[in-house]
Amino acid sequence: MRSQSLIFFRESFKDFIRNPILAIPTAILLIFFTLFSKLSVSVNYKFTQTPAITAWLVFFVVISLCVMSFLFSSLIGMSKESIGKKASPRSFLFYGKKFWTKNFVIIVLILAVYNAIRFAAHYSAFYIGKAISLDVNAAKILFFIIFFVGLAGILIFLAFSSFFLIVYNLSIKQSINSSFSYVSKNYPLVLSLTILFFIINESLSKINYPLIVDIINSLIIVPYISLIFTRLMYKK
């Protein structure tokens, strides 16, 4: 498994060097969120009624998810084309327009499952900690353990849904089923890579310059991870 992982890292790095345009979708996403977040703050200050604030929040979330869906569809499609060759800039719009609606559903599903796991972990840690009189630090550790078990036991099986959707042009149901099947057969490898990327993300978060972290993630880490995941499950 170690040698296989090294091959994926090395070959994906070569693909990334050959195709720096892979950073375009995530760079656009960074710019969008930076500007849209500033606009949202400005709009919130102008609203004084709760219904108006709630309506704007819903609008902000829906638009953000639509943009994410379009750009991640573009990124995955371009990652597919980048394996062993150069991706075409035209594929940015092609994959985005073709798959954003289906990918939107998958992203919403993943976020819903993630939040459900986080909610369950939070309240489980709270009530268990209260029942056995845990201190705050011990309760935090318990929360992390429950949360990690939920992610590793449930959410990880959805990790490749968008990739199967776009790479193989499947339906939403087929994409989710394919992701479950792939992760089940390759669980140690997928879990190891997920933990590695989590450690990298946590390490970057220690940098005291958030903008630099966002730029590194957008221009390097996320496109590179997309290439690795695409190469993992893509069979020409």
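In this note's numbering, the protein residues as written are 6 to 241. Ideal Cβ positions, reconstructed from N, Cα and C, are used throughout, including at glycine. None of the values given here were measured: they were computed from a predicted structure.
Asked, Found
"Straight-line gap, ILE171 to LEU139 (C-alpha atoms, nearest Å)", "46 Å"
"Rounded distance between the beta-carbons of SER78 and TYR100, thought under 8 Å", "5 Å"
"Check whether ILE242 and PHE168 have beta carbons under 8 Å apart", "Any property of residue 242 remains undetermined from this structure, which presents the chain solely from 6 to 241."
"Endpoints, the alpha helix (DSSP H) within which ARG95 is located", "Careful: ARG95 lies outside any alpha helix (DSSP H) and carries neither H nor E."
"Supposed contact pair VAL195 and LEU209 - C-beta distance, whole angstroms, cut 8 Å", "Between VAL195 and LEU209 the Cβ distance is about 21 Å, and since that is not below 8 Å, they are no contact."
"Whole-angstrom distance between LYS135 and LYS107, CA atom to CA atom", "42 Å"
"DSSP state of LYS135 mapped onto helix, strand, coil", "helix"
"SER79, DSSP secondary structure in three states", "helix"
"Environment of TYR187 [buried if 16+ CB atoms lie within 10 Å]", "buried"
"Selection from TYR239, ALA143, SER231 that minimises the alpha carbon distance to ALA28", "SER231"
"Spatially closest choice to ILE150 from TYR173, ARG123, LEU175, PHE41, by CA coordinates", "ARG123"
"PHE13 to PRO228 span [Cα, whole Å]", "14 Å"
"For ILE204, three-class secondary structure by DSSP", "helix"
"Residues near PHE148 by beta carbon distance below 7 Å, same chain, minus five either side", "ALA126, HIS127, ALA130"
"Contact belief for LEU34 with SER223 at Cβ below 8 Å, rounded distance in angstroms", "7 Å"
"Run of the alpha helix (DSSP H) containing LYS190, from where it starts to where it stops", "177-190"
"SER84 burial status per 10 Å Cβ neighbour count (16 or more: buried)", "buried"
"Whole-angstrom distance between LYS91 and ILE26, CA atom to CA atom", "9 Å"
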